[in-house]
Amino acid sequence: MGAWSEILEAVEPLEDLVFDKGLIERLSAPGRALPGINFYTPTFKSYASSEIKDCGRSAWPAVSITGGDCKLNCDHCKAKILEPMMPARTPEDLWRTVNDIVAQGAGGMLLTGGSNHRNEVEYDTYYPTIRRIKDEFPQFRIAMHTALVDEAIALRMADAGIDAAMMDVIGAQDTITQVYHLRRSVDDFERALEALTATSMKVVPHIVVGLHYGQLLGEWNALDIVARHKPAALVLVVVMPTYASESRPFVAPDAHEVGQFFGDARDVLSDTPLLLGCARPAGSVKRLIDAYAVMAGVDGMAHPSDGMVELAARLDRRVRVTPACCSIAVGDEVLAMDDANAGLEIDLAEIVRQERERREAQKRQAVFGRVKVIGGEGRSGCCGA
Ligand code: SF4
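Numbering (the numbering used here), first residue to last: 776 to 1160.
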């Protein structure tokens, strides 16, 4: 393998990006072993098979017990995350919804909801229905966004049959107070994680990188908290400034700092699967972030940018591709992790060919779009004055 800077230059979709040389040196240091990597993407159609669903949306829908309502209205989300989910505002609704989605072929769901003012999702009345769902459809997997819990609630979740428990771990008090508007402490987050990991559930904490208005603040503390409780996997997502209001704006996090954090996360959690979820800012920041994630050694990545499969293969990483979208957010891949057949080994030449073809098609489309505008057609865009 050549020097990593040369490898980066060889990957066409990365050629306009400027990387942090010191960080590249750090990530490429001898002794930093790179595990295999699984990419979750719906774009490599030729790898779709009957065993693997095309898209996680129908296979793993997200269901919200509060519909689009959330009392917290955190500054980075404003409850927008809940809006597109399927509402199930009563246990009866949940039962009907699950029966419907099972009939449509769903393998599981993400069960979530808006928080109360204490960052708890009030599932109390739902546990008997969740138990009934698991008894009636034992193969149907449930990943639950738990929010903050104590031991008793964590045990109720496990007794109800929840397969995977997910929660955001926040490591800075200022972020809890200012971004989440919460009167809870960092210790509350650690205690919740401790309570969850003491149960039989697979626990998959998330760290939202850049949660403090786009700055990294409590991420390293959150990482230490996660490391103390040995979860099944850690999902990293990067905050997207799009949902924030104008009065409390977010910036896109600095991609190089995010890359440093990925390197630290890999070093601290050397034996824990590390996954990059689909949420991250778009554009060149995303390509930088993704490239750093590949170089840092994440085990899985949802919706990789162009060039990532090629980069991973050029770095001699064992590459697998699972043709699914959204699955990291909903836990599908985490629950499949013990399955030796999860993901398909890829043919690098074929993947690179497909990526190049897709880029060419995008370029042609862009040129075609410009021609249409010059010709006076298709002026229905946002600035079509
Ligand atoms: S508690 Fe969750 S759903 Fe509610 S606004 Fe905050 S991040 Fe969004």
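Think of the CB as a built atom: it goes at the ideal place given N, C-alpha and C, for glycine as much as any other residue.
Fair warning: this is a prediction, and the values are worked out from it, not measured in the lab.
Might you give, ordered along the chain, the residues of its own chain that have their beta carbon closer than 7 Å to the beta carbon of residue i, omitting 5 neighbours on each side?
i	result
Asn894	Leu847, Ala922, Leu923, Tyr955, Leu957, Arg959
Gln948	Ser960, Val961
Pro913	none
Whose C-beta lies closer than 8 Å to the C-beta of residue i among residues of the same chain, with five residues either side of it excluded?
i	result
Ala1124	none
Ser1174	The structure shown has nothing for residue 1174, since the chain only spans 776 to 1160.
Arg1134	Glu787, Pro788, Asp1081
Ile908	Leu869, Trp870, Val873, Phe915, Ile917, Gly936
Lys1005	Thr972, Thr1047
Gly811	Asp1074, Arg1092, Arg1093, Val1094, Arg1095
Ala939	Arg916, Ile917, Ala918, Met919, Met976, Lys977, Val978, Val979, Ala1007, Gly1106, Val1109, Leu1110
Using a Cβ-based criterion (distance less than 7 Å to any ligand heavy atom), does residue i qualify as near the ligand SF4?
i	result
Ile856	yes
Cys849	yes
Cys1053	no
Ser890	yes
Lys853	yes
May I have the straight-line CA-CA distance separating residue i from residue j, to the nearest angstrom?
i	j	result
Ser824	Leu1009	Bear in mind that a pLDDT of 35 at Ser824, under 50, signals an unreliable position, so the number given afterwards is only what the model happens to contain. Between Ser824 and Leu1009, the C-alpha separation is close to 27 Å.
Pro1166	Leu886	The shown model of the chain, from 776 to 1160, leaves out residue 1166, and the question about it has no answer.
Phe794	Gly880	44 Å
Leu971	His981	13 Å
Arg1092	Arg807	12 Å
Leu1011	Ala1088	22 Å
Asp770	Tyr898	Residue numbering for the chain in the displayed model covers 776 to 1160; residue 770 lies beyond these limits and cannot be assessed.
Val877	Val838	13 Å
Gly1058	Met860	25 Å
Thr841	Leu998	30 Å
Leu802	Asp910	47 Å
Ser1045	Leu992	22 Å
Ser780	Gly797	11 Å
Asp925	Ile856	25 Å
Asp1074	Gly1038	12 Å
Ile928	Val978	14 Å
Arg1055	Lys1061	6 Å
Pro1028	Gly1052	16 Å
Gln1140	Arg1128	18 Å
Whose C-beta lies closer than 6 Å to the C-beta of residue i among residues of the same chain, with five residues either side of it excluded?
i	result
Ala933	Thr974, Ser975, Met976
Arg931	Tyr902
Gln990	none
Ile782	Arg1089
Identify the residues that DSSP records as bridge partners of residue i: which are they?
i	result
Gly1075	Asn813, Leu1050
Leu885	Ala837, Ala918
His981	Asp943, Val1010
Met976	Paired residues: none, contrary to the question.
His987	Gln990
Met861	Val838
Glu895	Ala922
Shorter than 7 Å, the distance from the beta carbon of residue i to the closest heavy atom of the ligand ZN, or not?
i	result
His892	With respect to small molecules bound, the structure shown includes the ligand SF4 and not the ligand ZN.
Spell out whether any CB of chain B is found under 8 Å from the CB atom of residue i.
i	result
Leu1044	Any reference to chain B falls outside this structure, which holds one protein chain only.
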